[in-house]
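Chemist: Just passing along the structure, written as structure tokens.
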Amino acid sequence: MLVKNKKDFFSGFFLLLLGVYLAFRSMQLSVWSRFGPDEGFIPLLTAVIIIGISLVITIKSLSLTRGQEKEETLEKQKKEIGSVFKVSLYIVLIILYGLFLEKVGFLITSALFLFIMLKYVEKQSWKMTTFAGLASIITSYLLFVYFLGVLLPRGLIKWW
Amino acid sequence: MIENLLMGFNISLTFHNIIMCFIGCTLGQIIGVLPGLGPTATIAMLLTLTYKLNVTSAIIMLSGIYYGAQYGGTITSVLFKIPGEASTVVTIFDGYQMALQGRAGKALGIAAFGSFIAGTAGTIALSILAPPLSGFALMFGPPEYTALMILGLTLVIYLGSGSTMKAILMGALGLALGTVGMDPLTAIERFTFGSQSLVEGFNMAVLAMGLFGIGEILYMAESTEARAMRDVVKCPSRLRELLPDRKDWKISMMPIARGSVLGFFLGILPGGGAMISSFAAYALEKRISRHPERFGKGAIEGVAGPESANNSAVNGAFIPLLTLGIPSNVVMALLMGAFILHGITPGPFIMEKHPNLFWGLVTSMYIGNVILLILNIPLIKFFVKIMEVPYAVLSPLIIMICVIGAYSLNYNPMDVIFMFIFGLVGYLMKKFDYEPAPLMLAFVVGEIFEKSIRQSLVLSHGNPLIFFTRPISLILMVVALFVIVSPLITVLFKRGRLISEYKQIVKEESKEI
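Taken in order, these protein sequences are the chains called A and B. Heads up, the first sequence is in our numbering, so the first residue is 1 and it goes up one at a time. Heads up, the second sequence is in our numbering, so the first residue is 1001 and it goes up one at a time.
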């Protein structure tokens, strides 16, 4: 048995596991009482649908015969690694931004986030980094704090 | 109705609301111009901001984004052969050809005027049809609501552009995500893993910002094609170039009228929306034309019909939300979220309980269409310039707005983490060819659906036949079953030749784009 469609195989298999877990957890809730369906009813129903369809997707992604496999060029592989690295950087920076926003404060975290994103991830010039960074911080500060009255975390700098 | 409209204009014509409408329309126009970033992502990102605004102003602004985006998407379709919006893909077929022939101004002009006429006609139809439909909706009990939601979800899934199986899977996942938190009937905690942040369930805005905002940004971070700009044809510089002449009007009047009517009714249909309306209008025009061979080679009616249809579809889409409380597409689901964030449940009672909001919103659409016409004709050059802003600069700003927006919901960093997780899910869904729209829609209607289905089954002592013994729910269930058993689209489109043509067009033309 060979994998014909890797995307469908992995996603289908993952969702199958998720469905099984959801079904298992739903059964720990009350599914049906003498009055009718209970709190476990919809979760179990959705779990059954997820299991059924993800099973079909996984099976359909398999093939009994070996198909023609597309050979990836070195250049394409390099490009893909590069884009995965960039997305990973985005992810790490967003997590750090979210985690430090409250403790360090809006001004410092936002300035650092924008600086790293613009200068090192997106490789913009110093002029563009400074201009876009400052414009973004000032606009969002005015929008959130003055216009919408949002209380942004002050963190380490208390004077603003 | 005249009284109600006057009351509505009293609200929508206040300085504050005109400004909100202007902001919404301009933002919509801008994001319509930017390929990749659509009204769904923008409304998702701005949901949290509008929480701090007055509810009427917030809804007026968010709605402006939706219909404004339909206008904006046209510019890039005609001038760059890049559809700013899915609903303007069809405009490329003839619009870009017209631009190559040096008639870009006429294409943009007729699109703007057609959109204005259709948008206004759609708003009039919404004003007329919504009140009686609301009365009809009062006859709905839990079984009818369940059946309606089953039909709605079924249509959304079957009319989606991707794999039907994957769409059903995403719908089920959306319903499952909606069950996290306290059970709406028994108040028992489900899947909270002991976390206080999950007791209330996932916040709709957090899910939407993650799936559509962060997910989109992550996807664009790796996709170089999405950032690249293509050949640009000459942008019309003088106002006269944008005004269609008498001959253009003569050819386009009927397509605009047909597009307006077709678009409005397809917009009402769950899962219909602007994209399908524009394709259907194009197919219709091509089929009834005496010179179908002109289509795809710069026929002005190939721009006028679809552009009118996608605008009136937006108005039609408001009908199910405002009368039944059921969103017919994902943007409407987000607008429903905005209503709920402000403590208002859209539905048949909205006209009675919140007439100011209802009529204020409806009348703001008249104003919005005028604003968009004014914005479109003289400012096309400005909107073309917006395309030059690099994504590299836009994406950090969008992430920052999303992070602060998520945090400001409850001043809880956990919301930012949840948003990031959903962003990652949204990104992976795009990578693995799963559509996020059915997930979002199912999540939004999840609670009402669960309540209705359980209440119905309690009423019938667990007998599912309750959905087939009441006339309205019977009709809705039969239609839903029909859609499931024999793909309705194929049947409809084969008989009317409309949908088969639509599918063929999508197939042929998407190869070219």
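C-beta atoms are modelled at their ideal positions from N, C-alpha and C, and glycine is treated no differently.
Specify the secondary structure class of B/Gly-1462 as computed by DSSP and reduced to three states.
Modeler: Stepping through the second sequence from its first residue, residue 1462 of chain B is reached at position 462. It is coil, neither helix nor strand.
Chemist: Take B/Ile-1319 and list the residues in its own chain whose beta-carbon comes closer than 7 Å to its own, dropping the five residues that flank it on each side.
Modeler: Locating residue 1319 of chain B in the second sequence gives position 319, counting from the first residue. If we look at B/Ile-1319 and ignore the five residues flanking it on each side, its Cβ neighbours are Leu-1126, Leu-1129, Ala-1130, Leu-1133 and Ile-1268.
Chemist: Please state whether DSSP places A/Pro-37 in a helix, a strand or coil.
Modeler: Here residue 37 of chain A refers to the residue found at position 37 of the first sequence. In this structure, A/Pro-37 counts as strand in the three-state DSSP scheme.
Chemist: Check whether the stretch 1022 to 1041 of chain B and the stretch 1061 to 1078 of chain B touch, using three or more Cβ-Cβ pairs below 8 Å as the test.
Modeler: The stretch 1022 to 1041 of chain B is in contact with the stretch 1061 to 1078 of chain B.
Chemist: Under 7 Å between beta-carbons, which chain A residues line up against B/Asp-1183? List them in chain order, please.
Modeler: Reading the second sequence from its first residue, position 183 is the one you call residue 1183 of chain B. Ordered by position in chain A, the residues that pass the 7 Å Cβ test against B/Asp-1183 are Glu-39.
Chemist: Please confirm whether B/Lys-1106 and B/Asp-1248 have their CB atoms less than 7 Å apart.
Modeler: Counting from one through the second sequence, the residue named residue 1106 of chain B turns up at place 106. Counting from one through the second sequence, the residue named residue 1248 of chain B turns up at place 248. Result yes, Cβ atoms of B/Lys-1106 and B/Asp-1248 sit closer than 7 Å.
Chemist: Going along chain B, which residues have a C-beta under 7 Å from A/Leu-107?
Modeler: Start at 1 with the first residue of the first sequence, and residue 107 of chain A comes out as number 107. What A/Leu-107 touches in chain B: nothing, since even the nearest Cβ is about 12 Å away.
Chemist: I'd like to know if A/Tyr-90 contacts chain B, where contact means its C-beta is closer than 7 Å to some C-beta of that chain.
Modeler: What you label residue 90 of chain A is simply residue 90 of the first sequence in a count that begins at 1. Yes, A/Tyr-90 lies at the interface with chain B (some Cβ there is under 7 Å from its Cβ).
Chemist: With H, G and I counted as helix, E and B as strand and the rest as coil, what does DSSP make of A/Leu-2?
Modeler: By one-based count along the first sequence, residue 2 of chain A stands at place 2. The answer is strand: DSSP assigns A/Leu-2 an E or B state.
Chemist: What residue does the alpha helix (DSSP H) around B/Ile-1031 start on, and which one ends it?
Modeler: Indexing the second sequence from 1 puts residue 1031 of chain B at position 31. B/Ile-1031 -> alpha helix (DSSP H) spans 1015 to 1033.
Chemist: My assumption, with CB atoms under 8 Å, is that B/Gly-1298 sits in contact with B/Gln-1101. Please give the rounded CB distance.
Modeler: Here residue 1298 of chain B refers to the residue found at position 298 of the second sequence. Here residue 1101 of chain B refers to the residue found at position 101 of the second sequence. That pair is a contact at about 5 Å.
Chemist: Please classify B/Ala-1309 as buried or exposed, where buried requires at least 16 neighbouring CB atoms within 10 angstroms.
Modeler: Along the second sequence, one-based indexing puts residue 1309 of chain B at 309. That one is buried.
Chemist: In the stretch 22 to 35 of chain A, which residues sit with their C-beta less than 7 Å from some C-beta in chain B, listed in chain order?
Modeler: Within the stretch 22 to 35 of chain A, the qualifying residues are Leu-22, Arg-25, Leu-29 and Phe-35.
Chemist: By alpha-carbon positions, which one of B/Asn-1203, B/Ala-1480, B/Lys-1081 and B/Ser-1197 ends up nearest to B/Phe-1443?
Modeler: As a first step, residue 1443 of chain B must be located in the second sequence, where it is residue number 443. Of the listed residues, the one whose Cα sits closest to B/Phe-1443 is B/Asn-1203.
Chemist: My guess is that B/Glu-1435 and B/Lys-1166 are in contact by the Cβ rule of under 8 Å, so how many angstroms apart are they, rounded?
Modeler: Numbered from 1 along the second sequence, position 435 holds the residue referred to as residue 1435 of chain B. Numbered from 1 along the second sequence, position 166 holds the residue referred to as residue 1166 of chain B. Correct: roughly 7 Å between the Cβ atoms.
Chemist: Along chain B, in chain order, which residues have C-beta atoms closer than 8 Å to that of A/Leu-118?
Modeler: Here residue 118 of chain A refers to the residue found at position 118 when the first sequence is read from its first residue. The answer, in chain order, is Ala-1392, Val-1393 and Pro-1396.
Chemist: Taking A/Thr-130 as the query, report the chain B residues whose CB atoms sit under 7 Å from its CB, ordered along the chain.
Modeler: Stepping through the first sequence from its first residue, residue 130 of chain A is reached at position 130. By Cβ distance, chain B contributes nothing, its closest Cβ being about 12 Å from A/Thr-130, past 7 Å.
Chemist: First and last residue of the alpha helix (DSSP H) that includes B/Ile-1340?
Modeler: Translated into positions along the second sequence, residue 1340 of chain B becomes position 340. That run of the alpha helix (DSSP H) goes 1330 to 1341.
Chemist: Have a look at the DSSP bridge pairing and note the partners of B/Met-1182.
Modeler: For this step, residue 1182 of chain B is matched to residue 182 along the second sequence. Beta-bridge pairing links B/Met-1182 to B/Glu-1189.
Chemist: Between the Cα of A/Val-145 and the Cα atoms of B/Ile-1404, B/Leu-1439, B/Phe-1418 and B/Val-1416, which residue gives the shortest distance?
Modeler: Locating residue 145 of chain A in the first sequence gives position 145, counting from the first residue. The shortest Cα separation from A/Val-145 among B/Ile-1404, B/Leu-1439, B/Phe-1418 and B/Val-1416 belongs to B/Ile-1404.
Chemist: A/Leu-156: which of A/Phe-9, A/Phe-100 and A/Phe-13 sits nearest, CA to CA?
Modeler: As a working note, residue 156 of chain A is residue 156 in the first sequence. Residue A/Phe-100 is the option with its Cα nearest to A/Leu-156.
Chemist: Let's test the definition: count the other Cβ atoms within 10 Å of the Cβ of A/Phe-35 and tell me whether it reaches 16, buried, or not, exposed.
Modeler: For the purposes of this step, residue 35 of chain A is identified with residue 35 of the first sequence, where counting begins at 1. Exposed.
Chemist: Output the boundary residues of the alpha helix (DSSP H) element that contains B/Glu-1222.
Modeler: Along the second sequence, one-based indexing puts residue 1222 of chain B at 222. Where B/Glu-1222 is concerned, the enclosing alpha helix (DSSP H) stretches over 1215 to 1222.
Chemist: Under 7 Å, do B/Met-1365 and B/Thr-1088 count as touching if we go by C-beta distance?
Modeler: In the second sequence, residue 1365 of chain B corresponds to position 365, counting from 1. In the second sequence, residue 1088 of chain B corresponds to position 88, counting from 1. Result no, Cβ atoms of B/Met-1365 and B/Thr-1088 do not sit closer than 7 Å.
Chemist: In the DSSP assignment, what are the bridge partners of A/Ser-63?
Modeler: Looking up residue 63 of chain A in the first sequence gives position 63. Beta-bridge pairing links A/Ser-63 to A/Leu-2.
Chemist: Taking 7 Å as the threshold (C-beta atoms), are B/Pro-1143 and B/Ser-1473 in contact?
Modeler: The residue given as residue 1473 of chain B occupies position 473 in the second sequence. The residue given as residue 1143 of chain B occupies position 143 in the second sequence. Yes, the pair counts as a contact, with Cβ atoms nearer than the cut-off.
Chemist: Answer with buried or exposed for B/His-1016, where buried requires no fewer than 16 other C-beta atoms within 10 angstroms of its C-beta.
Modeler: In the second sequence, residue 1016 of chain B corresponds to position 16, counting from 1. Label assigned to B/His-1016: exposed.
Chemist: Could you tell me whether the stretch 54 to 62 of chain A touches the stretch 1 to 19 of chain A, using the rule of 3 or more Cβ pairs below 8 Å?
Modeler: Segments in contact, yes.
Chemist: Just tell me which of B/Ile-1256, B/Phe-1191, B/Ser-1278 and B/Pro-1184 has its CA closest to the CA of A/Arg-25.
Modeler: For the purposes of this step, residue 25 of chain A is taken as residue 25 along the first sequence, with counting starting at 1. Closest by alpha carbon: B/Phe-1191.
Chemist: Kindly say whether A/Leu-101, judged by its beta-carbon, lies nearer than 7 Å to any beta-carbon of chain B.
Modeler: The residue you call residue 101 of chain A lines up with position 101 of the first sequence. Closer than 7 Å to some Cβ of chain B, the Cβ of A/Leu-101 qualifies, so yes.
Chemist: Can you tell which of A/Ser-140, A/Val-92, A/Leu-118 and A/Leu-62 has the C-alpha that lies nearest to the C-alpha of A/Lys-7?
Modeler: Mapped onto the first sequence, residue 7 of chain A falls at position 7. Comparing Cα positions, the closest option is A/Leu-62.
Chemist: A/Ile-137 to B/Ile-1030, Cα distance in whole Å?
Modeler: Along the first sequence, read from residue 1 onward, the residue named residue 137 of chain A stands at position 137. Along the second sequence, read from residue 1 onward, the residue named residue 1030 of chain B stands at position 30. Between A/Ile-137 and B/Ile-1030, the C-alpha separation is close to 20 Å.
Chemist: Give me the Cα-Cα distance between B/Gly-1178 and B/Glu-1450, rounded to the nearest whole angstrom.
Modeler: As a working mapping, residue 1178 of chain B is identified with position 178 in the second sequence. As a working mapping, residue 1450 of chain B is identified with position 450 in the second sequence. B/Gly-1178 and B/Glu-1450: Cα-Cα distance of roughly 9 Å.
Chemist: Report the residue from A/Gln-28, A/Phe-106 and A/Ser-33 whose alpha carbon sits nearest the alpha carbon of B/Glu-1189.
Modeler: Mapped onto the second sequence, residue 1189 of chain B falls at position 189. Closest option to B/Glu-1189, Cα to Cα, is A/Gln-28.
Chemist: What is the residue span of the alpha helix (DSSP H) that B/Ile-1417 lies within?
Modeler: The sequence position of residue 1417 of chain B within the second sequence is 417, counting from 1. That run of the alpha helix (DSSP H) goes 1413 to 1431.
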